[in-house]
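Residue numbers (mature numbering (1 follows the signal peptide of the UniProt record, and there is no 0)): -23 to -1, 1 to 182.
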């Protein structure tokens, strides 16, 4: 019974002004549902009166007739709640369909926006990868040029060293030949024979 009361108050809130869209509708459209709600209120009043009579005064025990009246009042309230629920569903189903369509549309837009952002992110990642590859390519080219320059410098140093060694070798060879020639001349000068000098003896007188 408490659940029914809570449901009734919730429906009353939705119809009586809690929902701005429903409150703005015409009186002709609200008429049947409001009539059902008023009838339900009358049934609740009748139930409360019957329940009070059932309780009686000074703790009087309720009769079978009183119990039947209370049960009948409860059944009428339940039936009226069912009618109110059906009326509310008939009125809210179009709104629910619109809300669902709006939700689907919003989700579709969100998915499209997400896909667009994902595609943009992929493009940014690809651009970054391309830039990184270009940077690595330039780095490799720079290192290659540096290695080529170092190899050329090393080769030039080797050639220069080789030429210097050849020049030193030629200088030593020339110096050796010159020394050998001088030594040979000096040796030949020492071996030259002394000229014979004839000495005449004095005549004996």
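Idealized CB from N, CA, C, for every residue including glycine.
Cβ contact (3+ pairs, closer than 8 angstroms) linking the segment 91 to 104 and the segment 58 to 78: Output reads no: the segment 58 to 78 does not touch the segment 91 to 104.
Buried/exposed call for residue 119, threshold 16 Cβ in 10 Å: That one is exposed.
Inter-residue Cα distance where the pair is residue 162 and residue 154: Their backbone Cα atoms lie some 12 angstroms apart in a straight line.
Simplified DSSP assignment, three categories, for residue 163: Judged by DSSP in its simplified three-state form, residue 163 adopts helix.
Local Cβ density within 10 Å of residue 54, reported as buried at 16 or more and exposed below that: Under this definition residue 54 is a buried residue.
Chain-order list of residues whose beta-carbon lies under 7 angstroms from that of residue 16 (same chain, five-residue window excluded): Within the same chain, Cβ atoms closer than 7 angstroms to the Cβ of residue 16 are found at 57, the five residues on either side in sequence being excluded.
Closest residue to residue 50 among 97, 124, 18 (Cα-Cα distance): Looking at the Cα atoms, 18 is the closest of the given residues.
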